[in-house]
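The block underneath contains the structure these notes are about, expressed in structure tokens.
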Amino acid sequence: MDTKEFIAKRVAQELKDGDVVNLGIGLPTLVANYVPEGIEITLQAEHGILGTGPAAKPGEEDYELINAGGFPITVLPGASFFDSATSFAIIRGGHVDVTILGALQVDAKGNLANWMVPGKRVPGMGGAMDLVVGAKKVIVAMEHTVKGEPKIFESCTYPLTAVGVVNQIITEMGVMDITADGIVLAEIAPGLTVDDVQAATGAKLIIPDDMKVMNIQE
Amino acid sequence: MNKITTAEEAVKNVKDGDVLLVGGFLIAGSPETLIKALLETSTAKDLTVVSNDTGMAHMNMNKVMQQGRVVKVHGSYIGGNPLTGQMLIDDPESVTLYPQGTLAEKIRCGGAGIAGFYTPVGVGTIIENGKEKRVFDGREYLLETALRGNIAFVKATVADKAGNLFMRGSSKNFGVIMARAADYVIAEARKIVEVGELDSELVTVPGIFIDAIVQSEDV
């Protein structure tokens with residue numbers, strides 16, 4: 365299975381019936397494809413939609429109806445539209461249950477860096493800072509390493525998106541919970557050892573007695 | 654009072670040095686007809702543009718920026734417009750980036766008579782540099798101040814001749830709040846109808862906020 369699909373499928377298992385969810389661009393967007401049977405979620409888009417649906421069909425594009433990446437989409441029955449101030453009242457006000465987004469770096473204190481690489485062109489933070497501060501649960505969904513180098517550290521070195529906001533990190537190597545004591549490896553990918561995961565991680569992992577193996581359906 | 658005018662007439666209100674609020678999120682709700690008139694018929698320069706994203710490379714704000722008439726930008730996500738990214742590299746002081754909700758709330762406050770607000774967003778990041786921090790109920794917040802413009806450009810799906818606007822779908826975004834936060838507000842509308850033809854129950858922006866209405870080229 366493709367790494368991104370594997371991660372997205374595991375992230376989708378975290379969603380509960382009735383959750384209002386905001387998905388970041390890229391890998392997190394895939395999560396919508398794997399929402400488990402019987403679980404209904406509402407997707408929020410930060411420019412003013414609750415209840416986004418699939419991409420618009422060719423020929424049916426409507427540029428008054430786009431996703432946060434600028435592409436034409438559809439909405440589901442029961443959707444609503446609102447302005448940006450209302451949208452961020454929803455986000456900052458704690459009305460989003462889960463936000464799922466990528467990271468450049470995450471650390472053992474739950475700090476997140478995902479908007480700026482020093483020395484590189486800066487696209488801006490968009491709604492990321494608001495989302496991670498406001499959402500009830502923050503899940504970082506990403507590949508465990510970049511070019512073989514860790515992305516999970518004791519302390520981030522890139523400029524932060526927010527302090528102490530990440531609850532969980534899900535990668536192709538495992539499921540990690542951020543706790544007051546540090547990063548707990550709650551689940552490990554099939555076929556890997558704790559040493560494999562630790563070697564790819566720049567922070568000390570806490571291994572619980574009841575560590576599980578990630579269970580992902582084909 | 655007749656608010657209907659042409660784009661060319663409307664943009665004559667933009668003066669050198671103005672702060673210009675521009676509605677839209679990428680293409681949705683972007684007032685391209687008004688920006689095109691600014692590009693082709695106005696010489697106003699030294700502009701400060703307030704926009705979520707300053708559009709994308711193929712959109713009209715990029716062309717106004719190519720003319721060197723924009724000296725400052727306040728935005729949130731500028732990844733779609735390479736010229737804004739270049740401005741930030743050439744002169745970091747010329748582009749101010751805000752968390753998107755902070756930008757929206759600054760503008761909302763600007764139109765609502767509120768001087769500022771405390772937000773938890775940005776605490777512990779470079780956004781907090783130079784800003785007052787205050788603790789409420791054990792949590793840290795940053796003081797952010799209101800943002801207003803001399804002029805606002807917004808786009809509506811339907812306008813009636815009194816200036817009541819209906820903005821459809823995800824085109825509401827920043828247009829709704831910018832329409833209240835500038836001294837002179839110009840709305841381009843895809844369709845303009847008589848007073849009474851736009852259902853009062855469907856008004857997104859009350860006409861009281863709108864000074865001029867222009868037919869959009871996007872019909």
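First to last, the protein sequences are chains A and B. Residue 437 in the numbering used here sits at position 73 of the first sequence, with consecutive numbering throughout. Residue 851 in the numbering used here sits at position 198 of the second sequence, with consecutive numbering throughout. Glycine residues also receive a C-beta, built at the ideal position from the N, C-alpha and C atoms.
- Query: Is DSSP giving Pro745 of chain B helix, strand or coil here?
  - Reply: helix
- Starting from His411 of chain A, follow its DSSP beta bridges and name the residues at the other end. Looking at the DSSP assignment, His411 of chain A forms no beta bridge with any residue, so it has no partner.
- Give the straight-line distance between the Cα atoms of Lys698 of chain B and Gly721 of chain B, rounded to the nearest whole angstrom. 8 angstroms
- Could you pull out every residue in the same chain whose Cβ sits closer than 6 angstroms to the Cβ of Glu513 of chain A, ignoring the five residues on either side in sequence? Taken in chain order, the list of residues that qualify is empty.
- Task: Check Gln581 of chain A in the structure and name its three-state DSSP category.
- Result: DSSP, reduced to helix, strand and coil, places Gln581 of chain A outside both helices and strands of the structure shown, so it counts as coil.
- Message: Less than 7 angstroms between C-beta atoms, sequence neighbours within five positions excluded: which residues of the same chain meet that for Gln377 of chain A?
- Response: Pro400
- Task: Please go through the same chain and pick out, in chain order, the residues whose beta-carbon is closer than 6 angstroms to the beta-carbon of Val385 of chain A, but skip the five residues on each side of it.
- Result: Ile405, Leu407 and Val462
- Are Ala564 of chain A and Thr509 of chain A close, meaning C-beta to C-beta below 9 angstroms? yes
- Between the segment 455–475 of chain A and chain B, which residues of the former have CB atoms less than 7 angstroms from a CB of the latter, in chain order? Flagged, chain order: Ile455 and Arg456.
- Message: So if DSSP puts Ile830 of chain B in a beta bridge, which residue, or which two residues, is it bridged to?
- Response: According to DSSP, Ile830 of chain B bridges with nothing at all.
- Item | Chain-ordered chain B contacts of Pro523 of chain A [CB-CB under 9 angstroms] | Thr778 and Ile779
- Message: Give me the subset of the segment 478–490 of chain A whose CB atoms are less than 7 angstroms from a CB atom of chain B, sorted by chain position.
- Response: Arg485, Val486, Pro487, Gly488, Met489 and Gly490
- Message: Pairs of beta-carbons, one from the segment 834–853 of chain B and one from the segment 805–825 of chain B, closer than 8 angstroms: are there three or more?
- Response: yes
- Item | Helix, strand or coil at Lys511 of chain A according to DSSP, with G and I counted as helix | coil
- Query: When you compare each of A:Val529, A:Ile533 and A:Ile437 to Gly415 of chain A by their alpha carbons, which one comes out closest?
  - Reply: A:Ile437
- Chain-order list of residues whose beta-carbon lies under 8 angstroms from that of Lys473 of chain A (same chain, five-residue window excluded): Ser519, Val527, Gly528 and Ile542
- Leu476 of chain A bridges to which residues according to DSSP? According to the DSSP secondary-structure assignment, Leu476 of chain A is paired through a beta bridge with A:Val470 and A:Ala526.
- Message: Taking only three categories from DSSP, how would you classify Ser853 of chain B?
- Response: helix
- Message: Is Asp706 of chain B close to chain A? Criterion is C-beta to C-beta, closer than 9 angstroms.
- Response: yes
- Can you list, in chain order, the residues of its chain whose CB lies under 6 angstroms from that of Leu465 of chain A, leaving out five sequence neighbours each side? Gly388 and Pro392
- Given Ala676 of chain B as reference, the closest of B:Val788, B:Val856 and B:Arg833 once Cα atoms are compared: Contrary to the premise, residue 676 of chain B reads as Gly rather than Ala in this sequence. Out of B:Val788, B:Val856 and B:Arg833, B:Arg833 has the C-alpha closest to the C-alpha of Gly676 of chain B.
- Can you check whether the CB of Ile731 of chain B is closer than 9 angstroms to the CB of Phe827 of chain B? no
- Item | Partner residues on chain B for Tyr427 of chain A, Cβ-Cβ distance less than 7 angstroms | Close to Tyr427 of chain A, with beta-carbon spacing below 7 angstroms, are these residues of chain B in chain order: Ile680 and Ala681.
- Kindly provide the ranges of any beta strand (DSSP E) runs that are 3 or more residues long and lie completely inside the segment 760–824 of chain B, ordered along the chain. 769–772, 786–789, 792–798 and 802–813
- Message: With three or more C-beta pairs closer than 8 angstroms as the rule, is the segment 860–868 of chain B touching the segment 787–799 of chain B?
- Response: Contact annotation: the segment 787–799 of chain B does not touch the segment 860–868 of chain B, with fewer than three C-beta pairs closer than 8 angstroms.
- Item | chain A contact residues for Glu758 of chain B, given Cβ-Cβ distances below 7 angstroms | Ala449 and Phe452
- Neighbouring residues, chain A, relative to Arg801 of chain B (Cβ below 9 angstroms): None at all; the shortest Cβ gap to chain A is about 14 angstroms.
- Query: Using a beta-carbon distance cut-off of less than 8 angstroms, what residues from the segment 404–424 of chain A approach chain B?
  - Reply: Ala409, Glu410, His411, Gly412 and Ile413
- Taking Glu507 of chain A as the reference, which of A:Met575, A:Leu440 and A:Val561 has the closest Cα? Checked all of A:Met575, A:Leu440 and A:Val561; the closest Cα to Glu507 of chain A is A:Val561.
- Query: Quick one: which chain A residues come within Cβ less than 7 angstroms of Tyr730 of chain B?
  - Reply: Pro487, Gly488 and Gly490
- Item | CB-CB length for Phe445 of chain A against Lys808 of chain B, believed under 8 angstroms | Rounded, the Cβ-Cβ distance is 15 angstroms, inconsistent with contact.
- Nearest to Asn734 of chain B by CA position, among B:His711, B:His727 and B:Ile657, is which residue? B:His711
- Message: By the three-class DSSP mapping on this structure, what secondary structure does Asp494 of chain A have?
- Response: Asp494 of chain A falls in the helix class under three-state DSSP.
- Where does Gly555 of chain A sit, in a helix, a strand or coil, going by DSSP? Three-state DSSP puts Gly555 of chain A in coil, outside helix and strand.
- Which listed residue (A:Arg485, A:Glu425, A:Leu549 and A:Thr535) has its alpha carbon closest to that of Asp743 of chain B: A:Arg485
- Query: So what does Asn386 of chain A bridge to, in DSSP terms?
  - Reply: BP columns for Asn386 of chain A point to A:Gln408 and A:Thr463.
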